[in-house]
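Q: Okay, so the sequence shown: first residue is 2 according to this note's numbering, each after it adds one.
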Amino acid sequence: MGSYIIKHISASPSLIWVCLAMGFHIVNLALGAYAGFFKRSASVIKIHQWLYYAIVFCLAYFLILNQTHGKNTLWDYLVGLYFITVIPLSKRWDVLAHAFLSLVGLTLLPLLIILQM
2 MGSYIIKHIS
12 ASPSLIWVCL
22 AMGFHIVNLA
32 LGAYAGFFKR
42 SASVIKIHQW
52 LYYAIVFCLA
62 YFLILNQTHG
72 KNTLWDYLVG
82 LYFITVIPLS
92 KRWDVLAHAF
102 LSLVGLTLLP
112 LLIILQM
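1. So, A100 versus C59, is the Cβ gap smaller than 8 Å?
2. To the nearest whole angstrom, what separates the beta carbons of L16 and I85, a pair I think is in contact under 8 Å?
3. Does the Cβ of L52 have 16 or more other Cβ atoms within 10 Å, making it buried, or fewer, making it exposed?
4. Does the stretch 38-50 come close enough to the stretch 71-86 that 3 or more CB-CB pairs lie under 8 Å?
5. Please classify S103: is it buried, with 16 or more other beta-carbons within 10 angstroms of its beta-carbon, or exposed?
6. If we count the other Cβ atoms within 10 Å of its Cβ and call it buried at 16 or more, is H70 buried or exposed?
7. Given this structure, state the Cα-to-Cα distance separating S44 from K92, to the nearest angstrom.
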């Protein structure tokens, strides 16, 4: 099963961007936890913001590449909408709420890969 998933991801030009977004998101979650609970400096927040922009860029590029093949579904658009609306709005709330909603976003990213199979 694992080798099938890896072959499917490497064969699809759009799913690689979801994997890259997952990697950026994991690093961004760790950096956000560090900024939220230990040291909240301007440089850490700036890096956190740029990592978020990289995640959104990867998801947008995934949607564009997927659309050229005509394979976008409603779930693909909903996950993208979640990342550009819910996560930025949750910044204004508590740090733990923002972290929890970001973790929900991290669980939605593998869903994009599973739904493409």
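C-beta: ideal position from N, C-alpha, C; glycine also.
A: Walking through what the data contain:
1. no
2. At roughly 20 Å, the Cβ-Cβ gap does not stay under 8 Å, so L16 and I85 are not in contact.
3. buried
4. no
5. buried
6. exposed
7. 17 Å
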